[in-house]
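Here is the structure we will look at.
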Amino acid sequence: VLSGLPKITDPRVLVNADTCDDAGVFKINDEFALVQSVDVFTPNVDDPYTFGQIAAANSLSDIYAMGGKPLTALSIIGFPIETLSYKLMNRMLQGGIDKMKEAGVMVIGGHSIKDNEIKFGFAVTGEINPNKIITNDKAKPDDVLVLTKPIGTGIVGFASQIDKALPSTLQTVSNSMTELNRTASDVMIEMGVTTATDITGFGLAGHLSEIVVQSGVTAEIYFDRIPVFDGVLDLVKKGVISGGIERNREYASQYVVAKNGINEEMQAVFYDPQTSGGLLICIDGKRGEELVSRLKQKGIDRAVIIGKILSKSKGKIVLKHNSN
Numbered sequence: 369v370l371s372g373l374p375k376i377t378d379p380r381v382l383v384n385a386d387t388c389d390d391a392g393v394f395k396i397n398d399e400f401a402l403v404q405s406v407d408v409f410t411p412n413v414d415d416p417y418t419f420g421q422i423a424a425a426n427s428l429s430d431i432y433a434m435g436g437k438p439l440t441a442l443s444i445i446g447f448p449i450e451t452l453s454y455k456l457m458n459r460m461l462q463g464g465i466d467k468m469k470e471a472g473v474m475v476i477g478g479h480s481i482k483d484n485e486i487k488f489g490f491a492v493t494g495e496i497n498p499n500k501i502i503t504n505d506k507a508k509p510d511d512v513l514v515l516t517k518p519i520g521t522g523i524v525g526f527a528s529q530i531d532k533a534l535p536s537t538l539q540t541v542s543n544s545m546t547e548l549n550r551t552a553s554d555v556m557i558e559m560g561v562t563t564a565t566d567i568t569g570f571g572l573a574g575h576l577s578e579i580v581v582q583s584g585v586t587a588e589i590y591f592d593r594i595p596v597f598d599g600v601l602d603l604v605k606k607g608v609i610s611g612g613i614e615r616n617r618e619y620a621s622q623y624v625v626a627k628n629g630i631n632e633e634m635q636a637v638f639y640d641p642q643t644s645g646g647l648l649i650c651i652d653g654k655r656g657e658e659l660v661s662r663l664k665q666k667g668i669d670r671a672v673i674i675g676k677i678l679s680k681s682k683g684k685i686v687l688k689h690n691s692n
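Terminal number for the sequence shown in this note's numbering: 692, no gaps in between.
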């Protein structure tokens, strides 16, 4: 989408859209830079307050993935004010503001427009040391890949829309989507991580594709190690496959080689678009278990090593079972 637009040449712009990173970074001085991102999407849960919390957590995630500290946010709302009560909009905002407050972020303004459907999100500004930016282009052979949250939110959300999701599954997924990636970010910063991303709309396959392409490496991912929400594979077997999965497959499948034993249902989960997913962190293989241990000590219970970086390449993902 952005490929035909003029290139940014200002040397103060340290990170922009050219590298498909999670946020842009603008240098102020040798020790301080601004890190900025924006995310807006349609509701994926019924409760407006919970949706507001999810929208905030999702918007903050890009800043955390870059190793930044979010400071302020502006709300962005599209709302059918002529057909729905303004009280719904108020509850969304309250949920978002409360989650931002939990993160230590001030919502200092915003903008709303009349729309045919609800859309909500935030533009977030944070701070970062320009010498300690975590990007998606420094993965190297012998690194391992650590994922901090289960995947499957897109499939469960679509199942909810067609009344095929269990209430217990919905609650578990909702709890995960409202969980901030702040703690995971703090831990990876403490350990000196240089490459990471968050798993959101492009799914695990799409966001990992950005790492392998930008870093010029091949990644080996073990599907049986990937944390997946309970019941997700069963939903896929019943035909619960959203359009987002196919869109992500169209984009990322050129980089993915699925080995024997990886069936269509497993691939659908791999391409499933996430909302407020976890962080995918690259770290030297000798320190991978230490990272997982520290994450679990901080309450990130589902953190796990899901694969490793094999070699330099033009960018490839090998999806297989751990025993293959």
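For each residue, glycine too, the CB sits at the ideal point set by N, CA and C.
Residues that DSSP places opposite residue i in a beta bridge
| i | result |
| --- | --- |
| K684 | T586 |
| H479 | I444 |
| D511 | D652 |
The alpha helix (DSSP H) enclosing residue i, as first and last residue numbers
| i | result |
| --- | --- |
| N628 | Careful: N628 lies outside any alpha helix (DSSP H) and carries neither H nor E. |
| Q642 | Taken as a continuous stretch (DSSP letters only), Q642 belongs to no alpha helix (DSSP H), as it is neither H nor E. |
| D592 | Run containing D592: none; DSSP gives neither H nor E here. |
| A552 | 550-558 |
| L428 | 416-433 |
| D598 | No alpha helix (DSSP H) holds D598; DSSP gives it neither H nor E. |
| T410 | First-last for T410: undefined, no H or E at that position. |
| P374 | Where P374 is concerned, there is no enclosing alpha helix (DSSP H), given that its DSSP letter is neither H nor E. |
Alpha-carbon to alpha-carbon, residue j and residue i
| i | j | result |
| --- | --- | --- |
| A564 | L687 | 19 Å |
| T586 | S528 | 36 Å |
| D483 | I445 | 9 Å |
| I530 | P379 | 49 Å |
| P498 | K395 | 7 Å |
| G472 | I496 | 15 Å |
| D598 | T537 | 7 Å |
| Q462 | V475 | 11 Å |
| M434 | L678 | 24 Å |
| V625 | G683 | 11 Å |
| N504 | T451 | 43 Å |
| I481 | F447 | 6 Å |
| G646 | K517 | 4 Å |
Among the options, nearest to residue i - alpha-carbon criterion
| i | options | result |
| --- | --- | --- |
| M457 | D415, L601, M434, S429 | D415 |
| F419 | F570, I486, A507 | I486 |
| G607 | E632, I589, G435 | E632 |
| G392 | I685, E399, Y432, S405 | S405 |
| K627 | I376, T521, V600, I685 | I685 |
| N549 | I674, I431, V381 | I431 |
| L515 | G675, K682, P438 | G675 |
| V637 | I519, D386, R670 | I519 |
| V596 | K664, E470, V524, I609 | V524 |
| V561 | L513, T493, G611, G646 | L513 |
Local conformation of residue i per DSSP, three classes
| i | result |
| --- | --- |
| H575 | helix |
| S443 | strand |
| N397 | strand |
| P448 | coil |
| F564 | The residue asked about is misnamed: residue 564 is Ala in this sequence, not Phe. It is a strand residue. |
| S610 | coil |
| K517 | coil |
| V473 | coil |
Beta strand (DSSP E) segment containing residue i, residue limits
| i | result |
| --- | --- |
| I649 | 647-652 |
| M457 | Run containing M457: none in the beta strand (DSSP E); it sits in the alpha helix (DSSP H), 454-470. |
| L382 | 381-383 |
| T493 | 487-496 |
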